[in-house]
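Trainee: Quick note on numbering: the sequence shown equals residues 133 to 533 in my numbering. Note that the Cβ used here is the ideal one computed from N, Cα and C, for glycine as well.
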Amino acid sequence: MNENSYDYLIVGAGIVGLTVAHELKMRFPSAKIGVLDKEANSGLHASGRNSGVLHSGIYYSSDTLKAKVCSVGAARMMAFAQEHGIPCSKSGKVIVATSEKDLPTVKRLLRNANENGIRAWRIDEKELHEIEPYAVPGLAAIYSPDTAVIDSRAVVNQLTVLLEQQGVQFLWRHGFRKLGRSGEVVTDQGKLSFGYLFNCAGAYADVVAKSFGLASDYALVPFKGIYWKLRPEAEHLVRANIYPVPDIELPFLGVHLTRVISGDVYVGPTAIPALGRENYGLIQGIRPLEAIDVGYRLAGMYLGNRYNFRRMAHMELAKYMKHNFVLAAQRLLLSITSEDMIPTPKAGIRPQLVNLREGKLEMDYIFQHTDHSTHVLNAISPAFTSSFAFAEMIVNSSNIV
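1) Taking only three categories from DSSP, how would you classify HIS187?
2) Three Cβ pairs or more, each shorter than 8 Å: is that satisfied between the segment 194-203 and the segment 144-160?
3) Counting Cβ pairs, one atom from each stretch, are 3 or more of them under 8 Å apart for the segment 328-346 and the segment 138-146?
4) Measuring only the C-alpha atoms, how far is LEU241 from GLN297?
5) Under 8 Å by Cβ, that's how I've got HIS507 and ALA347 pegged, so tell me the actual separation to the nearest angstrom.
6) Tell me the DSSP secondary structure of CYS332 in three-state form.
7) Going by other Cβ atoms of all chains shown within 10 Å of its Cβ, with 16 needed for buried, is GLN484 buried or exposed?
8) Output the boundary residues of the beta strand (DSSP E) element that contains TYR497.
9) Please classify ASP503: is it buried, with 16 or more other beta-carbons within 10 angstroms of its beta-carbon, or exposed?
10) Flag this pair as touching only if the segment 263-272 and the segment 208-215 have three or more C-beta atom pairs under 8 Å; answer yes or no.
11) Please determine, among LYS233, ASP320, VAL185, the residue with the shortest C-alpha to C-alpha distance to VAL382.
12) Run the CB neighbour count on GLN416, radius 10 Å, all protein chains shown included, and call it buried at 16 or more, exposed below.
13) In its own chain, which residues sit with a C-beta less than 6 Å from the C-beta of TYR497, not counting the 5 before and 5 after it?
14) How far does the beta strand (DSSP E) with PRO477 in it extend, from its first residue to its last?
15) Could you check which residue in ASN244, GLY249, VAL226 has the C-alpha nearest to that of ILE263?
16) Do you know whose CA, among ALA351, ALA199, GLY345, ARG371, lies nearest PRO277's CA?
17) Measuring CA to CA, which of VAL387, LEU303, ALA403 is closest to GLY357?
18) Would you check if the distance between the CB atom of GLY205 and the CB atom of THR469 is smaller than 8 Å?
19) Would ASN289 pass as a contact of PRO354 if the rule is Cβ separation under 8 Å?
20) Where does the unbroken beta strand (DSSP E) through PHE344 begin, and where does it stop?
21) Taking only the alpha-carbon atoms, compute the straight-line gap between VAL287 and ILE218 and give it to the nearest angstrom.
22) In terms of residue numbering, what span does the beta strand (DSSP E) encompassing PRO376 cover?
Okay, structure coming up:
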């Protein structure tokens, strides 16, 4: 085997790629494993930009892949944090119903918790006030004590160091270009050979998969998550996590409030349709050809209006105006004011998989395979929470076992 040849090659050095490398190294200690990424370091996109919340799994019905790995993955992530001295706190979360139409969803969430073996229960107004004194009382509330927050950047860094120590080779600035001849990929820095490839490229997973003749019915469409932060004098308004009951008529959760591991309190995120996979700013990260392609997809979703996409797009785009963002936050925290919310550069992109044939958003994890590759096409939340268990599932799904 020459220096550019690997038993296992992983595309993408985000949390999913890192934990897949970790899983492979545990199973095949003597295997030569390479992780390629177009960046100069690991976790520079979704994995290093998330809120650091470790979810309990209450949002996912028991028949989903997400449910199968979320709570198990969270426990393994917390154990990893404890082993390596990474800041992590099981701070808990309240989920507040603010309208009559939320009440059936409250029952569904509690059913999910029961079926998934998750600790969660309904609490009354007095109990809610004891946990989160400033939260809107609402019509009902759920308490999830096992929700945690973690230093996600520290997790990514620690995993990278451990894998390097174990002999995993990181190929920085090796952006994937195309599949070459059999068992070979072409990168920005030349060709690499592989026995088996794992596509964990996040927002670019569909592009990589198409090079292998897969994902013909799919495309990843980016949604931008922007945040505000509470000024220090207002941080006391939130003790841990205050979340809304998800609106079943919309695909995304909506604005919530989170005290992250540093103690800062963030308000957000949005789910604004974006014109690029790295469109973190207003125009930052927009590439003309990509913007045309993404814009075409978004226009089709807008006209088709599946999942009430048109209503969601209007609501989310309106949150570029601070006034509308504040109104969204006040649904959960009535006493919050515009002055309490200060700007932050924190922003992320959720790459959401769209089924082009059916015209719908895919809300669960999806894998596709060739004889010598596995492609993770929809590594959306709670992928970070689930990552250690998710990686085990990914490797189990492959043709190497």
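Mentor: Inspection of the coordinates gives the following:
1) In the sequence shown, counting from the first residue as 1, residue 187 sits at position 55. HIS187 falls in the coil class under three-state DSSP.
2) no
3) Yes: at least three Cβ pairs fall under 8 Å.
4) Counted from its first residue, the sequence shown places residue 241 at position 109. Counted from its first residue, the sequence shown places residue 297 at position 165. About 42 Å.
5) Walking along the sequence shown from the start, residue 507 turns up at place 375. Walking along the sequence shown from the start, residue 347 turns up at place 215. Correct: roughly 7 Å between the Cβ atoms.
6) Sequence index remark: in the sequence shown, residue 332 carries index 200 (1-based). In the structure shown, CYS332 sits in coil (DSSP, three-state: anything other than H, G, I, E or B).
7) Translated into positions along the sequence shown, residue 484 becomes position 352. Flag for GLN484 reads buried.
8) Locating residue 497 in the sequence shown gives position 365, where the first residue counts as 1. No beta strand (DSSP E) contains TYR497, which DSSP labels as neither H nor E.
9) On the sequence shown, position 371 is the one that residue 503 refers to. So ASP503 ends up on the exposed side.
10) The segment 263-272 vs the segment 208-215: no contact.
11) Against the sequence shown, residue 382 aligns to sequence position 250. The question names Val, but residue 382 is Leu in the sequence shown. Ranking LYS233, ASP320, VAL185 by Cα distance to LEU382 puts LYS233 first.
12) Start at 1 with the first residue of the sequence shown, and residue 416 comes out as number 284. GLN416 should be labelled exposed.
13) Position 365 of the sequence shown, counted from the start, is the residue given in the question as residue 497. Here the set comprises LEU197, ASN510.
14) For the purposes of this step, residue 477 is taken as the residue at position 345 of the sequence shown. Unbroken beta strand (DSSP E) run through PRO477: 473-487.
15) In the sequence shown, counting from the first residue as 1, residue 263 sits at position 131. It is VAL226 whose Cα lies nearest to the Cα of ILE263.
16) Locating residue 277 in the sequence shown gives position 145, counting from the first residue. Ranking ALA351, ALA199, GLY345, ARG371 by Cα distance to PRO277 puts ARG371 first.
17) Reading the sequence shown from its first residue, position 225 is the one you call residue 357. Comparing alpha-carbon positions, the option among VAL387, LEU303, ALA403 lying closest to GLY357 turns out to be ALA403.
18) Here residue 205 corresponds to residue number 73 of the sequence shown, with the count starting at 1. Here residue 469 corresponds to residue number 337 of the sequence shown, with the count starting at 1. Cβ atoms of GLY205 and THR469: not closer than 8 Å.
19) Along the sequence shown, one-based indexing puts residue 289 at 157. Along the sequence shown, one-based indexing puts residue 354 at 222. In this structure, PRO354 does not lie closer than 8 Å to ASN289 by Cβ.
20) Reading the sequence shown from its first residue, position 212 is the one you call residue 344. Careful: PHE344 lies outside any beta strand (DSSP E) and carries neither H nor E.
21) In the sequence shown, residue 287 corresponds to position 155, counting from 1. In the sequence shown, residue 218 corresponds to position 86, counting from 1. Note on geometry: alpha-carbon atoms of VAL287 and ILE218 lie some 7 Å from one another.
22) By 1-based counting over the sequence shown, the position of residue 376 is 244. Per DSSP, PRO376 belongs to the beta strand (DSSP E) from 373-376.
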